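What follows is one structure encoded as structure tokens, with my remarks underneath.
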Amino acid sequence: MPPPSIIEDNYTYVRDCEEMPEFKGYGPQHEHALKKHIADAIAGADTLELAVEYVMEALNEARIISYSDNNTLALLTQTGRAFVVLIEYPESSIRDVASKMGVLENTAQRAMTKLLEQGLVERQKRNQSFTYTPCYESVWKHPDVWRFALAILKMSKQQPNGQTDIH
Numbered sequence: 013m014p015p016p017s018i019i020e021d022n023y024t025y026v027r028d029c030e031e032m033p034e035f036k037g038y039g040p041q042h043e044h045a046l047k048k049h050i051a052d053a054i055a056g057a058d059t060l061e062l063a064v065e066y067v068m069e070a071l072n073e074a075r076i077i078s079y080s081d082n083n084t085l086a087l088l089t090q091t092g093r094a095f096v097v098l099i100e101y102p103e104s105s106i107r108d109v110a111s112k113m114g115v116l117e118n119t120a121q122r123a124m125t126k127l128l129e130q131g132l133v134e135r136q137k138r139n140q141s142f143t144y145t146p147c148y149e150s151v152w153k154h155p156d157v158w159r160f161a162l163a164i165l166k167m168s169k170q171q172p173n174g175q176t177d178i179h
């Protein structure tokens, strides 16, 4: 196999798997930089709507979500999309989730299995099948969600026009 400097693209040759380290995520520096970028976006906004817009743009830049200004939002992972469908339609079956996502049932099944393993949904037996419901408590216990919610709450209390509630 030619050395890597000669290879034009990574798809031409299959590299030796033993040479490549296992991918273990982007690491704490990347997470810290992303959190700082989001905190700066929230702190730099004058209104709640601007804060949400800035945060969504930051998440789009980090490729965590796909976002456009046309009021459309799509999570990049099937698991995330399945979770959003369950929030919108609790007590849905795999077939319901698959039809709402526009995917095959086996894709929805894989996503639901991941959500079950992470403790984000719970399964109930209904007649011959199962239905799934989000575990809202598990989501709220996640520290990043808490920090984001508290930052939005704090910022909404500091609105320039004196409003204390979110409309």
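13 is the number of the first residue of the sequence shown in the working numbering; add one for each residue after it.
Note that the Cβ used here is the ideal one computed from N, Cα and C, for glycine as well.
A quick note: this is a predicted structure, and the numbers were derived from the prediction, not measured.
Beta-carbon proximity list for residue i, same chain, < 7 Å, skipping 5 on both sides
i	result
Lys166	none
Glu107	For clarity, residue 107 is Arg in the given sequence; the question names Glu instead. Cβ neighbours of Arg107 beyond the five flanking positions: Glu117.
Lys112	Val97 and Tyr101
Arg135	Leu128, Phe142 and Tyr144
His49	Ala70
Buried or exposed (CB count within 10 angstroms, at least 16 for buried), residue i
i	result
Leu162	exposed
Phe95	buried
Counterpart residues of residue i in DSSP-defined beta bridges
i	result
Ser141	Arg138
Pro104	First, the amino acid is wrong: residue 104 is Ser here, not Pro. Per DSSP, Tyr144.
Val133	Pro146
Nonlocal neighbours in the same chain, by C-beta distance under 8 Å from residue i, ignoring five residues either side
i	result
Tyr66	Ala53, Ile54, Gly56 and Ala57
Leu98	Ser104, Val109, Leu127, Val133, Tyr144, Thr145 and Pro146
Ala51	Ala163
Val115	Gln90
Residues of its chain near residue i, where Cβ-Cβ distance is below 6 Å and the 5 sequence neighbours each way are ignored
i	result
Ala110	Glu117 and Ala120
Ser150	Gly131 and Leu132
Ser141	Ser105
Member of the options whose CA lies at the smallest distance from the CA of residue i
i	options	result
Arg93	Asn72, Val64, Leu71 and Met124	Met124
Glu100	Gln136, Lys47, Asn139 and Tyr148	Tyr148
Gln130	Gln140, Gly114 and Thr91	Thr91
His42	Val64, Ala63, Leu62 and Leu71	Leu71
Arg122	Asn139, Thr89 and Arg138	Thr89
Interface flag, residue i vs chain D, CB-CB below 9 Å
i	result
Ala55	Any reference to chain D falls outside this structure, which holds one protein chain only.
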